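Colleague: Residue numbers (the working numbering), protein chains in the order written: chain A, 1 to 343; chain B, 344 to 686. Cβ atoms here follow ideal geometry from the backbone N, Cα and C, with glycine treated the same way. In this text, all values refer to a predicted model and were calculated from it rather than measured experimentally.
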């Protein structure tokens, strides 16, 4: 890891938003009703194309900002779980995971793969469990993204519904955390990047608050991205609601629920660090994601969340927790992978 | 106003959540298919019952905390706009508005009424416009609550859709602001008080950002409650999204969009005041609302937002703006009403 574990910076939330063109062509063919083959796709995308797609983008930015390693998953808005055919969903997840896996094989010190699951509005539980096991056990993936709203219209059930439990059992068994991350909104009231993502983060936290999900699945770990949506900003509201309704205090959830730092200005970032214990905050940028470019007032790139972390007054112990120690604890397969790369 | 304009504290967001029992019985009768009469309801609720319902609750708390005047609207979660019959919606709004009007007539120095509109999933535009005009022109209401999701399932159109324009025309014409406030969620994924309210605030702000709504309606003023949902916490995200997509900067919206202070802990409250200019923040508690009781760690009642305002380091000029000057500017009929009460 270059500069040694103590100064390692792990970004737990990056997406392959610069994927080679043939991957999107594969998807378009699927949506036209064709059955494109993953093997043909793989042959069509050269090693150089994969290398170039990240060297000039995520890897360049990671290095420029002083980061070391990124957890890398397929483009979130492209997961397209609202398409209902399980076979199409399975092959789209396999194709997408293949691409992030290739990135991680080319740059094992800089990228660790996180899986897209072949969810559908009806669940496609068989496919989801198979792809989770395949990516983790056979390909060395360290986690997966779980979409709490595969329909894109919130037509499904809350994450506390028993229909989700087999996925939690598998995640516990494989010892991988799940990042709760929606895909494109299929409702014109919700802008995908500016509303749907944040609303999902808020809604899921609220689903968990009155539930006993983590009594049932004590080993389950969920990561809520985008700084937890509205949750840290309204932490007092959740504490008050919990007290009034006799639910667990929101702090009880922190044994199993973690938050990333994809918050794109210093005051918001400070709030996140002020409200949540540093044990539950994992450094992340979500780059290259919703925002690109820099704040003209500060010249800081919007998603340069390491600059915000440096701009806060975190103590050195918090710094280590937020930049890598929490990640290695929450993603034990990442820790093992890093050991393996070293050895 | 007792202590003179300079130290007046106006709470712009209070609900009649302690309404006399016959009002809920009226609603239950409606939902059973009966046609209860507003006149019978009015006769059934004595002046003493109205007086008592607020004297022991909102008015007591307002006084204890040092507040002077509250903008008072019917219970938000009870608006029930998902019921589709326009006639039922009309009469439910009339009955609900009658009750807050009676409170404001009994305590004109302490309560100014804000209307519930008889929205339905199909719009009920005729009824909405009639009730808005009736309450403002005949009864002295100073504003209204507009539900951006009357279906409760987000089945309708964004607030930027032309179908909403007649309401904006009327609000401009009457010179009343609209608080954007949803009612009960009709989707099990969204807890009404812990997710749906905040998601609506976030979603609506994002609907406005790429739109030219305020070029078309320069006199329209919208208030986003609950501290703006996730918006101030993610202000950098909105600035970055706007820049990337060529939309107006979010600050451009601040000519027409205002935020209340219903945020229930000091760090969140500080963030709101740090991120938004004080010209756009209006003091509010939303009491008696989502949370009741006090934080055991500080003994501060969760919704005692005046204590949080005092706990921030706002300058005296900001204090006046946030506690009453903004309210008198954004609600000109409130300013006129106060002058009238004085004269």
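Check the C-beta distance from residue 261 of chain A over to residue 208 of chain A and give it rounded, since I have them as a contact under 8 Å.
Modeller: 20 Å between Cβ atoms; not a contact.
Colleague: Could you tell me which chain A residues have their CB closer than 7 Å to the CB of residue 424 of chain B, listed as they occur along the chain?
Modeller: Chain A residues near residue 424 of chain B: none, gap ~15 Å exceeds 7 Å.
Colleague: Let me confirm a value: residue 31 of chain A is counted as buried when at least 16 other C-beta atoms fall within 10 Å, else exposed. Which label applies?
Modeller: Exposed, since its Cβ has fewer than 16 Cβ neighbours within 10 Å.
Colleague: Which residues in chain A sit within 7 Å of residue 495 of chain B, going by Cβ to Cβ distance?
Modeller: Neighbours of residue 495 of chain B on chain A: none; closest Cβ ~12 Å, over 7 Å.
Colleague: Mind checking which residues open and close the alpha helix (DSSP H) that includes residue 16 of chain A?
Modeller: Looking at the DSSP string, residue 16 of chain A is not in any alpha helix (DSSP H); the run it does join, the beta strand (DSSP E), is 10-16.
Colleague: Which whole runs of the alpha helix (DSSP H) in the region 477-539 of chain B are 4 residues long or more, in chain order?
Modeller: Runs of the alpha helix (DSSP H) inside the region 477-539 of chain B: 508-517.
Colleague: Taking the continuous beta strand (DSSP E) assigned at residue 454 of chain B, which residues delimit it?
Modeller: Looking at the DSSP string, the run of the beta strand (DSSP E) that includes residue 454 of chain B is 454-459.
Colleague: What did DSSP end up calling residue 369 of chain B once you bin it into helix, strand or coil?
Modeller: Here residue 369 of chain B sits in helix by DSSP.
Colleague: Taking a contact to mean a Cβ-Cβ separation below 8 Å, would you say residue 119 of chain A touches residue 97 of chain A in this structure?
Modeller: No.
Colleague: Determine the contact status of residue 490 of chain B and residue 457 of chain B, defining contact as a CB-CB distance below 8 Å.
Modeller: Not closer than 8 Å, so no.
Colleague: Are any of the Cβ atoms in chain B nearer than 8 Å to that of residue 180 of chain A?
Modeller: Cβ-Cβ to chain B under 8 Å: no for residue 180 of chain A.
Colleague: Helix, strand or coil: how does DSSP classify residue 619 of chain B here?
Modeller: Coil.
Colleague: Might you give, ordered along the chain, the residues of its own chain that have their beta carbon closer than 7 Å to the beta carbon of residue 560 of chain B, omitting 5 neighbours on each side?
Modeller: Closer than 7 Å at Cβ, skipping near neighbours: 511, 515.
Colleague: Pull up the distance between the alpha-carbon of residue 249 of chain A and that of residue 357 of chain B, whole angstroms please.
Modeller: Computed Cα separation, rounded: 26 Å.
Colleague: In the region 277-320 of chain A, which residue ranges form an unbroken alpha helix (DSSP H) of at least 4 residues, counting only runs that do not cross its ends?
Modeller: Fully enclosed alpha helix (DSSP H) runs of 4 or longer: 305-311, 316-320.
Colleague: Are the CB atoms of residue 285 of chain A and residue 192 of chain A nearer to each other than 8 Å?
Modeller: No. Outside cutoff.
Colleague: Taking the straight line between their C-alpha atoms, what separation do you get for residue 53 of chain A and residue 70 of chain A?
Modeller: Rounded to whole angstroms, residue 53 of chain A to residue 70 of chain A spans 15 Å at the Cα level.
Colleague: Under 8 Å between C-beta atoms, does residue 254 of chain A make it to chain B?
Modeller: Judged by the 8 Å Cβ criterion, residue 254 of chain A is not in contact with chain B.
Colleague: Within its chain, find whatever has a CB closer than 6 Å to the CB of residue 659 of chain B; leave out the 5 residues flanking it on each side and keep chain order.
Modeller: Same-chain partners within the cutoff: there are none.
Colleague: Chain B partners of residue 299 of chain A, CB-CB under 9 Å?
Modeller: Ordered by position in chain B, no residue passes the 9 Å Cβ test against residue 299 of chain A, which lies about 13 Å from the chain.
Colleague: Thinking C-alpha only, which one of A:259, A:293, A:9, A:309 is nearest residue 232 of chain A?
Modeller: Of A:259, A:293, A:9, A:309, the residue nearest in Cα terms is A:259.
Colleague: Going by beta carbon distance, what residues of the same chain come within less than 8 Å of residue 50 of chain A, once the five residues before and after it are set aside?
Modeller: Contacts found: 20, 99, 102, 103, 106.
Colleague: Where DSSP assigns a beta bridge to residue 260 of chain A, which residues make up the other side?
Modeller: DSSP output for residue 260 of chain A lists A:282 as bridge partner(s).
Colleague: Would you kindly work out how many angstroms separate the C-alpha atoms of residue 728 of chain B and residue 27 of chain A, rounded to a whole number?
Modeller: With chain B covering 344 to 686 only, the question about residue 728 of chain B has no answer from this structure.
Colleague: May I have the straight-line CA-CA distance separating residue 289 of chain A from residue 94 of chain A, to the nearest angstrom?
Modeller: Using only the alpha carbons, I get a separation of about 22 Å.
Colleague: According to DSSP, is residue 415 of chain B part of a helix, a strand, or is it coil?
Modeller: Strand, per DSSP.
Colleague: In terms of residue numbering, what span does the alpha helix (DSSP H) encompassing residue 431 of chain B cover?
Modeller: Here the alpha helix (DSSP H) through residue 431 of chain B covers 429-449.
Colleague: What residues of chain B sit near residue 209 of chain A, judged by a beta carbon separation below 9 Å?
Modeller: Per Cβ cutoff of 9 Å: 534, 537.
Colleague: If you check the beta carbons only, do residue 519 of chain B and residue 487 of chain B fall under 8 Å apart?
Modeller: Yes, Cβ-Cβ distance for residue 519 of chain B and residue 487 of chain B is below 8 Å.
Colleague: So the beta strand (DSSP E) residue 566 of chain B belongs to, where does it begin and stop?
Modeller: Taken as a continuous stretch (DSSP letters only), the beta strand (DSSP E) holding residue 566 of chain B covers 565-567.
Colleague: With distances taken between CB atoms, is the gap from residue 268 of chain A to residue 614 of chain B smaller than 8 Å?
Modeller: It is a contact, given that the beta carbons lie within the stated cut-off.
Colleague: Report the residue from B:563, B:649, B:586, B:542 whose alpha carbon sits nearest the alpha carbon of residue 496 of chain B.
Modeller: The residue with the shortest Cα to Cα distance from residue 496 of chain B is B:542.
Colleague: Which word fits residue 313 of chain A, buried or exposed, when buried means at least 16 other C-beta atoms lie within 10 angstroms of its C-beta?
Modeller: Exposed, since its Cβ has fewer than 16 Cβ neighbours within 10 Å.
Colleague: Any beta-carbon of chain B closer than 8 Å to the one on residue 1 of chain A?
Modeller: In this prediction, residue 1 of chain A has a pLDDT of 37, which is less than 50 and means its spatial position is unreliable; nothing more can be read from the coordinates.
Colleague: Check whether chain A comes within 8 Å of residue 579 of chain B, counting only Cβ atoms and requiring the distance to be less than that.
Modeller: For residue 579 of chain B, the answer is yes, since a Cβ of chain A falls inside 8 Å of its Cβ.
Colleague: Determine, using beta carbons only, whether residue 635 of chain B comes closer than 8 Å to chain A.
Modeller: Taking Cβ atoms only, chain A reaches closer than 8 Å to residue 635 of chain B, which makes this a yes.
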